[in-house]
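**Student:**
Shown next, in the form of structure tokens:
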């Protein structure tokens, strides 16, 4: 593999077709490096709604990643609730 073929940036974190990665494996790979992010509360709520259909995904890795991300999004929404 030449240096021009080596993935760079965010693509370096995502398993390529060589490994036949599932969507859950790609999501887990991306989220592994995410520590903090500052986004508006409505974006958190929308993200939780968008990921909810994957909570019952037939792929166990996708389902596990979706459950973990959904839980983190809900926790962030709880922390952002008024009065906290």
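Residue numbers (this note's numbering): 32 to 115. Every residue, glycine too, gets a C-beta built ideally from N, C-alpha and C. Source: prediction; values computed, not measured.
For chain C, find out if any of its Cβ atoms is closer than 8 angstroms to the Cβ of residue 108; answer yes or no.
**Tutor:** In the structure shown, chain C cannot be found, because there is only a single protein chain.
**Student:** Can you grab the Cα-Cα spacing for the pair residue 99 / residue 114, in whole Å?
**Tutor:** Walking along the chain shown from the start, residue 99 turns up at place 68. Walking along the chain shown from the start, residue 114 turns up at place 83. Taking the straight line from one Cα to the other gives about 26 angstroms.
**Student:** When the Cα atoms are used, what is the spatial distance from residue 88 to residue 82?
**Tutor:** Stepping through the chain shown from its first residue, residue 88 is reached at position 57. Stepping through the chain shown from its first residue, residue 82 is reached at position 51. The straight-line gap from Cα to Cα measures roughly 10 angstroms.
**Student:** Classify residue 109 as helix, strand or coil using the three-state DSSP reduction.
**Tutor:** As a position in the chain shown, residue 109 is number 78, starting the count at 1. DSSP places residue 109 in helix when its eight states are reduced to three.
**Student:** List the endpoints of the continuous alpha helix (DSSP H) containing residue 72.
**Tutor:** Mapped onto the chain shown, residue 72 falls at position 41. It spans 72-82 - the alpha helix (DSSP H) in which residue 72 sits, taken as one unbroken run.
**Student:** Count the other CB atoms, across all protein chains shown, that sit within 10 Å of the CB of residue 112; report buried if there are 16 or more and exposed otherwise.
**Tutor:** Here residue 112 is taken as the residue at index 81 of the chain shown, counted from 1. Exposed: under 16 other Cβ atoms inside 10 Å.
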